[in-house]
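Below is one structure, written out as structure tokens; the observations come after it.
Chains as they are written, first to last, in my numbering: chain A, 62 to 304; chain B, 3 to 329.
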């Protein structure tokens, strides 16, 4: 909970349909400030749809989303980002023709930061993400893992960042880069108090990283708790084993 | 430093050029400078922002007709007619921008093309008001047909346009526009108000086109709906594509070289278009970065022949990987 007793993110009865298909069904979720929440579930269970709904990429059909006490459903994605909600994409969406440094500058320049300030912060974060030697390379020359690193550190350029939604940040990346991503999440959570929602299929990583885990199945939250709790939940076992 | 000196040299040549040329060539160069302005402005929208508008030439037409009609019908001074036409264009471009810039790709292209056709057809149909296909006599800006003052006017306009676009692209707006072209969804998720900045690019490009069109009308003294033909739009795109999209000098190089080639081939009108079309195909096939890319690659080859070693494509990646391994 934040200072005024509200959770940082409070989702109530969220529904999203795509034609005749219900992708998210009456989902309610509360995330405390400073938490790292894992969001797991089989393929097609609605994890990425949830991220798209929270960040305003998709419009919700029913329900409400409150961020830090303000209702954010129905707002444009850029307005939601301006309130301090950032995200990464499962298939990384970097600005390919822009250099690593220019990629980093974009979120900062949408706020009141001046060029010099933004550049200094970008260089600091690029170094933290071990991309210093590539900072003037066009982002299209980066490897898959470096793409993911760039996506991750780019979000921290938003000075108002309080909630960071990471969609499959470990998918297909080298073990070493995975280590850098884990280190970055932990450090930003502990030192800056940034709240994370991490979508991943890598259960051991999620167990290491997350305080709480929510399990989505067929668009519904079927279990919540620590990894031990959810792993022993018969509904979760059923969902993962195809029941 | 070297680039700056080169630019000063080029500009100096452009300034003294009319002293060595016949009126015909000065006239032709003035028209080329008009196209430079149009191409540089369209590059902001179609090149840097990735919004493939097909109504850019129409804003020049609206500019020239609005100014001429206001002056002829109401008797207001020339400058007032021109400024009023620019303000009218701001309004039209913002309205059209809001209407169609939530569209992407082919939908945007078709909508802007449809707008261009409506404007052109209206000018043809309402001939009692606009003069229709007979055209409309516009008062001359300098009260003379001598092309030299117009040459300097359009040279100044081209330089100002190039500087304005360069300043925009180096500012935070430039970052937004390039991010939008690369990935609109990601740009929005990073906090960029994509609709606002697309409308801005549309408005800026359209207003520059209208300013160029207004001066063009008061330079040629006769405006007609022919300027609203799709051929004009295609020409602007050809200048940008041949010169090099998303390059500051590309549209300038494209407009100057293609216009020069067209002049050289003027004696053989039947083969002129064939040669120009073949040139477009060749450049698209082998140098889709345009002439600027061709020049850049040529420069690199010369450097390599002089002994400069190519940099390993993996050098930077290898260093980073080594650092990562150490951690």
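Glycine included, every Cβ here is placed at the ideal spot set by N, Cα and C.
Remember, it's a predicted structure, so these values are computed and weren't measured experimentally.
query, result
"Cβ pair count under 8 Å reaching 3, the stretch 100-116 of chain A against the stretch 277-294 of chain A", "yes"
"Inter-stretch contact at 8 Å, needing at least 3 Cβ pairs: the stretch 26-40 of chain B / the stretch 125-143 of chain A", "no"
"Of the listed residues 170/B, 111/B, 192/B, 149/B, nearest to residue 211/A (C-alpha basis)", "192/B"
"Beta bridge counterpart(s) of residue 123/A as assigned by DSSP", "76/A"
"Contact set for residue 289/B: own chain, Cβ-Cβ below 6 Å, skip 5 residues either direction", "295, 296"
"For residue 199/A, the residue or residues it bridges with in DSSP", "160/A"
"Chain B contact for residue 152/A (CB, 8 Å cutoff)", "no"
"Beta bridge counterpart(s) of residue 228/A as assigned by DSSP", "260/A"
"Those residues which DSSP pairs with residue 71/A across a bridge", "91/A, 127/A"
"Where residue 104/B falls: helix, strand or coil (DSSP)", "coil"
"Entirely enclosed alpha helix (DSSP H) segments - the stretch 29-81 of chain B, minimum 4 residues", "58-76"
"Length-filtered (4 minimum) alpha helix (DSSP H) runs lying within the stretch 89-154 of chain B", "107-127, 129-132"
"Own chain, CB closer than 7 Å to residue 160/B, minus 5 neighbours either side, in chain order", "35, 38, 39"
"Sub-8 Å separation of residue 187/B and residue 118/A beta-carbons", "yes"
"Closest residue to residue 172/B among 155/A, 166/A, 95/A (Cα-Cα distance)", "166/A"
"Meets three-Cβ-pair contact criterion under 8 Å: the stretch 106-115 of chain A and the stretch 246-264 of chain A", "yes"
"Contact set for residue 282/B: own chain, Cβ-Cβ below 8 Å, skip 5 residues either direction", "240, 243, 244"
"Interface partners of residue 138/A on chain B, CB under 7 Å", "190, 191"
"Beta carbon proximity, residue 219/A to chain B, threshold 8 Å", "yes"
"Coil, strand or helix - residue 155/A by DSSP", "coil"
"Neighbourhood of residue 16/B by C-beta distance below 7 Å, restricted to the same chain and skipping five residues each side", "157"
"Beta-carbon proximity check, residue 95/B vs residue 205/B, cutoff 8 Å", "yes"
"Straight-line Cα distance separating residue 130/A from residue 89/B", "43 Å"
"Residue 276/B - containing alpha helix (DSSP H), residue span", "271-288"
"Under 7 Å by beta carbon: chain A residues contacting residue 177/B", "163, 166, 167, 170"
"Same chain, Cβ closer than 6 Å to residue 91/A, neighbours up to 5 away in sequence not counted", "68, 71"
"Selection of the stretch 95-128 of chain A by Cβ proximity to chain B, strictly under 9 Å", "116, 117, 118"
"Beta-bridge partners of residue 85/A, as assigned by DSSP", "77/A"
"Beta-ladder partner(s) of residue 99/A, from DSSP", "259/A, 274/A"
"C-beta contact flag for residue 278/B and residue 264/B at 8 Å", "yes"
"Selection of the stretch 50-84 of chain B by Cβ proximity to chain A, strictly under 9 Å", "none"
"Beta-carbon separation (whole angstroms), residue 192/A vs residue 161/A, contact threshold 8 Å", "6 Å"
"The alpha helix (DSSP H) enclosing residue 284/A, as first and last residue numbers", "Run containing residue 284/A: none in the alpha helix (DSSP H); it sits in the beta strand (DSSP E), 281-286."
"Residue(s) in a DSSP beta bridge with residue 147/A", "225/A"
"Expected contact under 8 Å - CB spacing of residue 65/B and residue 139/B to nearest Å", "No, residue 65/B and residue 139/B are not in contact; Cβ-Cβ is about 16 Å, not under 8 Å."
"Under 9 Å from the C-beta of residue 290/B: neighbouring residues of chain A", "Residues of chain A passing the Cβ test: none, with the nearest at roughly 13 Å."
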